[in-house]
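Peer 1: Note that this note's numbering has the sequence shown beginning at 1346, numbered continuously upward.
Glycine residues also receive a C-beta, built at the ideal position from the N, C-alpha and C atoms.
This is the structure I want to talk about, given as C-alpha cells.
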Amino acid sequence: MKVYNFSAGPAMMPPEVVAQIQAELVSYRDSEMSVMEISHRSVLYEEMFQTAKADLRELLAVPKDYKILFLQGGASTQFTTVPLNLARKTKNIAFVDTGHWSQTAIADARLVPERRVDVVASGKSSAYTHLPHEIALDRPYDYVHLTINNTIEGTMYRKLPELQGQTIVGDISSNILGYQHNVQKYGLLYASAQKNIGPAGMTLVIVKESLLDKEQDLPSMLDYVKLIKRDSNLNTPPVFPIYAAGLVFQWLKKQGGVKQMQQQNEAKTALLYDMLDNSKLFLGTAHAPDRSLTNVPFTTGSKELDEKFITQAEKNGLKNIRGHVLAGGMRASMYNAFPFEGVKALVDFMKAFEQKERRIYATTMK
Ligand SMILES: *Cc1c(COP(=O)(O)O)cnc(C)c1O
1346 MKVYNFSAGP
1356 AMMPPEVVAQ
1366 IQAELVSYRD
1376 SEMSVMEISH
1386 RSVLYEEMFQ
1396 TAKADLRELL
1406 AVPKDYKILF
1416 LQGGASTQFT
1426 TVPLNLARKT
1436 KNIAFVDTGH
1446 WSQTAIADAR
1456 LVPERRVDVV
1466 ASGKSSAYTH
1476 LPHEIALDRP
1486 YDYVHLTINN
1496 TIEGTMYRKL
1506 PELQGQTIVG
1516 DISSNILGYQ
1526 HNVQKYGLLY
1536 ASAQKNIGPA
1546 GMTLVIVKES
1556 LLDKEQDLPS
1566 MLDYVKLIKR
1576 DSNLNTPPVF
1586 PIYAAGLVFQ
1596 WLKKQGGVKQ
1606 MQQQNEAKTA
1616 LLYDMLDNSK
1626 LFLGTAHAPD
1636 RSLTNVPFTT
1646 GSKELDEKFI
1656 TQAEKNGLKN
1666 IRGHVLAGGM
1676 RASMYNAFPF
1686 EGVKALVDFM
1696 KAFEQKERRI
1706 YATTMK
C-alpha cells in the first residue's frame, strides 16, 4: 500500500534525497569514510558546508549584509538566543501571540534577565484561528517577534503587519523554503530543519549583521558575533543534518526553487481547502485569509468521529494525520517534499468517508 506521511515534523523528505543519502552513506565522495565520520575541520566538510550555505543564500535570496548560521538546539533555543543578542538597546521586546509556538517563545524571553517582554497583540479571542493584523506599539522596541507560520493552528502571515519601521524577527520553522519570504523585511529569521528541510538537529539563523553589537560578550554558543566569526564552526557542528540539508537545497534548485515550491504548495492546499469549504462533515479551523500553505488543521466537530476518521485513514496509508495534542482533530502537514497525489488521496478518502457517514446518519435518523 502506498503510504503518505502527513507528519508535522520530523516530516517526510524528498524520496530522491533519502535514496541518495543511502547510496552515499558508506563512502562520502569516494573517501571510504561515511559522512557521519568525517571531521568538521576537513576539506570535505568545508566544501559541503560552503556549498549548502551558498545554495541556501541563493534559494532565499538572502542579501549580502545578512549572515547565515547553521546551529544546533532547535528553534526553541532561539527563543533565548534572539533576546540575548538583539534586545540590547531598549531591552524591550514586543511579541505577537499567535498560538502555541509564540507563547513558548514569550515564556522563554521572560526568563532572560533585564528584558521587558510585552504581548502587543493576540489572536486569543478567536482561539487562534485568526491572526492579529493591526498592531499598535506604545514604546520603542528592539524588535517585534512574529511566528510567521503557526504549525499547530494552521495560520500564516502572507503579508506582514505595519510595524512603524520596527525590526521584525520571524520564526519561519514550518514554512521556510515553502513560501517566498522577503528576507529584507526582517532583522532576523530562524527555523529548525525537521519540517521543511531535513533531519532534526540543525537550526538556521539569518541575521542582518548591522543589528549585532560587536562589543557583546555572551556565552559562546549563544553569541551570534562569535558564531559568525567562526562560520558556525565554533564547536562540532551537526555534520549529518547539514549534509542532508545541503542535498535538499540542491533538490530544491532542480525543482525550480522556492517560487516553484510556493506554487505547488498553493495547489496542494487549495485542493484540501476547497474540499473543506464544500464539505458538510469536515471543517477547516483556520480563518480563510490567514490559512497556512503547509499545515491544515480540520475536524468533524465530533471527537468520536475524528477518532474514527484517524483510525481508518491510518489503515489506508494516510499516516500521522492526527492533530497536535493541544488542538485535537486532524492536521495535514504538506511541506515541499509532500506530493500532490498524497493530497488527492486524502481528499478522495475524506469524500468517501463523508458519504458513508452521511448514509449511516440518514439510516439511524429514520
Ligand atoms: C516546531 C516548531 C518550533 C520548535 O522547533 P524545535 O526545533 O523542536 O525547537 C518552533 N516554532 C515553530 C513555528 C515550530 O513549528
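(1) Helix, strand or coil: which one does DSSP assign to V1514?
(2) What's the C-alpha gap between S1467 and L1505?
(3) Hey, quick one: how far does the beta strand (DSSP E) through W1427 stretch, first residue to last?
(4) Pick from N1580, M1606, G1674, D1622: whose alpha carbon is nearest that of P1564?
(5) Could you give the DSSP three-state label for H1478: helix, strand or coil?
(6) Does DSSP put K1701 in a helix, in a strand, or in coil?
(7) Taking 7 angstroms as the cut-off, is the CB of T1492 close to at least one heavy atom of ligand 1?
(8) Within 10 angstroms of its Cβ, does A1589 collect 16 or more other Cβ (buried), or is it exposed?
(9) Mapping the DSSP letters down to three states, classify I1451 as helix, strand or coil.
(10) Would you mind stating whether N1681 and M1606 have Cβ atoms separated by less than 8 angstroms?
(11) Quick check on DSSP: helix, strand or coil for K1412?
(12) Nearer than 7 angstroms: is that true of the beta carbon of A1420 relative to any heavy atom of ligand 1?
(13) Looking at G1354 and ligand 1, is the gap between the Cβ and the nearest heavy atom below 7 angstroms?
(14) In its own chain, which residues sit with a C-beta less than 8 angstroms from the C-beta of Q1365, not counting the 5 before and 5 after it?
(15) Rounded to whole angstroms, what is the Cα-Cα separation between I1655 and I1497?
(16) Using the C-alpha atoms, what's the distance from Y1706 back to F1424?
(17) Expressed to the nearest angstrom, what Euclidean distance is found between the alpha-carbon atoms of K1625 and R1503?
(18) Thinking C-beta only, is I1493 closer than 8 angstroms to N1520?
(19) Grouping DSSP H, G and I as helix and E and B as strand, with all else coil, what is S1537?
(20) Is the distance from the Cβ of L1431 to the Cβ of Y1488 below 8 angstroms?
(21) By alpha-carbon positions, which one of D1463, S1470, M1501, Y1473 ends up nearest to R1484?
(22) Suppose contacts are defined by Cβ-Cβ distances below 8 angstroms. Is D1619 in contact with L1476 by that definition?
(23) Measure from the alpha carbon of K1469 to the alpha carbon of each residue in A1454, Q1448, A1452, then state which is nearest.
(24) Using the DSSP secondary-structure output, state which residues sit across from K1553 in a beta bridge.
(25) Among the residues of its own chain, which have a CB less than 7 angstroms from the CB of F1694, if the five just before and after it don't count?
(26) One question on the structure: do G1499 and N1610 come within less than 8 angstroms of each other, judged by their Cβ atoms?
Peer 2: Reading off the structure:
(1) Numbered from its first residue, the sequence shown carries residue 1514 at position 169. Note: V1514 maps to strand in three-state DSSP.
(2) On the sequence shown, residue 1467 is found 122 positions in, with the first residue counted as 1. On the sequence shown, residue 1505 is found 160 positions in, with the first residue counted as 1. Taking C-alpha positions only, S1467 is separated from L1505 by approximately 15 angstroms.
(3) Along the sequence shown, one-based indexing puts residue 1427 at 82. Checking the sequence, you will find Val at residue 1427 rather than Trp. First-last for V1427: 1419–1431, but that is the alpha helix (DSSP H), not the beta strand (DSSP E).
(4) Position 219 of the sequence shown, counted from the start, is the residue given in the question as residue 1564. Answer by Cα proximity: N1580.
(5) Taking the first residue of the sequence shown as 1, we reach residue 1478 at position 133. H1478: coil per DSSP, three-state reduction.
(6) Here residue 1701 is taken as the residue at index 356 of the sequence shown, counted from 1. Looking at K1701 - three-state DSSP - the assignment turns out to be helix.
(7) Here residue 1492 is taken as the residue at index 147 of the sequence shown, counted from 1. Ligand 1 approaches T1492 closely enough that one of its heavy atoms is under 7 angstroms from the residue's Cβ.
(8) The residue given as residue 1589 occupies position 244 in the sequence shown. Burial call: buried.
(9) Here residue 1451 corresponds to residue number 106 of the sequence shown, with the count starting at 1. Under the three-state reduction of DSSP output, I1451 falls in the helix class.
(10) Within the sequence shown, numbered from 1, the residue matching residue 1681 stands at position 336. Within the sequence shown, numbered from 1, the residue matching residue 1606 stands at position 261. Yes, the pair counts as a contact, with Cβ atoms nearer than the cut-off.
(11) Position 67 of the sequence shown, counted from the first residue, corresponds to residue 1412. K1412: strand per DSSP, three-state reduction.
(12) Start at 1 with the first residue of the sequence shown, and residue 1420 comes out as number 75. For ligand 1, at least one heavy atom lies less than 7 angstroms from the Cβ of A1420.
(13) As a first step, residue 1354 is located in the sequence shown; it is residue number 9 there, counting from the start. Taking 7 angstroms as the cut-off, one finds at least one heavy atom of ligand 1 near enough to the beta carbon of G1354.
(14) Indexing the sequence shown from 1 puts residue 1365 at position 20. Closer than 8 angstroms at Cβ, skipping near neighbours: L1592.
(15) Here residue 1655 refers to the residue found at position 310 when the sequence shown is read from its first residue. Here residue 1497 refers to the residue found at position 152 when the sequence shown is read from its first residue. C-alpha separation (whole angstroms): 17 angstroms.
(16) Here the question's residue 1424 lines up with position 79 in the sequence shown. Here the question's residue 1706 lines up with position 361 in the sequence shown. Their backbone Cα atoms lie some 48 angstroms apart in a straight line.
(17) Looking up residue 1625 in the sequence shown gives position 280. Looking up residue 1503 in the sequence shown gives position 158. Roughly 28 angstroms between the two C-alpha positions.
(18) Counting from 1 along the sequence shown, the entry for residue 1520 is found at position 175. Counting from 1 along the sequence shown, the entry for residue 1493 is found at position 148. In contact: N1520 and I1493 (Cβ atoms closer than 8 angstroms).
(19) Taking the first residue of the sequence shown as 1, we reach residue 1537 at position 192. Strand, per DSSP.
(20) Indexing the sequence shown from 1 puts residue 1431 at position 86. Indexing the sequence shown from 1 puts residue 1488 at position 143. Result yes, Cβ atoms of L1431 and Y1488 sit closer than 8 angstroms.
(21) By 1-based counting over the sequence shown, the position of residue 1484 is 139. If we check each option's Cα against that of R1484, D1463 comes out closest.
(22) Taking the sequence shown and counting its residues from 1, one reaches residue 1619 at position 274. Taking the sequence shown and counting its residues from 1, one reaches residue 1476 at position 131. Contact check for D1619 against L1476 fails: the beta carbons are separated by 8 angstroms or more.
(23) Reading the sequence shown from its first residue, position 124 is the one you call residue 1469. For the residues A1454, Q1448, A1452, the minimum Cα distance to K1469 belongs to Q1448.
(24) By one-based count along the sequence shown, residue 1553 stands at place 208. In DSSP, K1553 forms a bridge with Y1411.
(25) By one-based count along the sequence shown, residue 1694 stands at place 349. Non-local C-beta neighbours of F1694 in its own chain, meaning closer than 7 angstroms and more than five positions away in sequence, comprise A1658, N1661, L1663, ordered along the chain.
(26) The residue given as residue 1499 occupies position 154 in the sequence shown. The residue given as residue 1610 occupies position 265 in the sequence shown. In this structure, N1610 does not lie closer than 8 angstroms to G1499 by Cβ.
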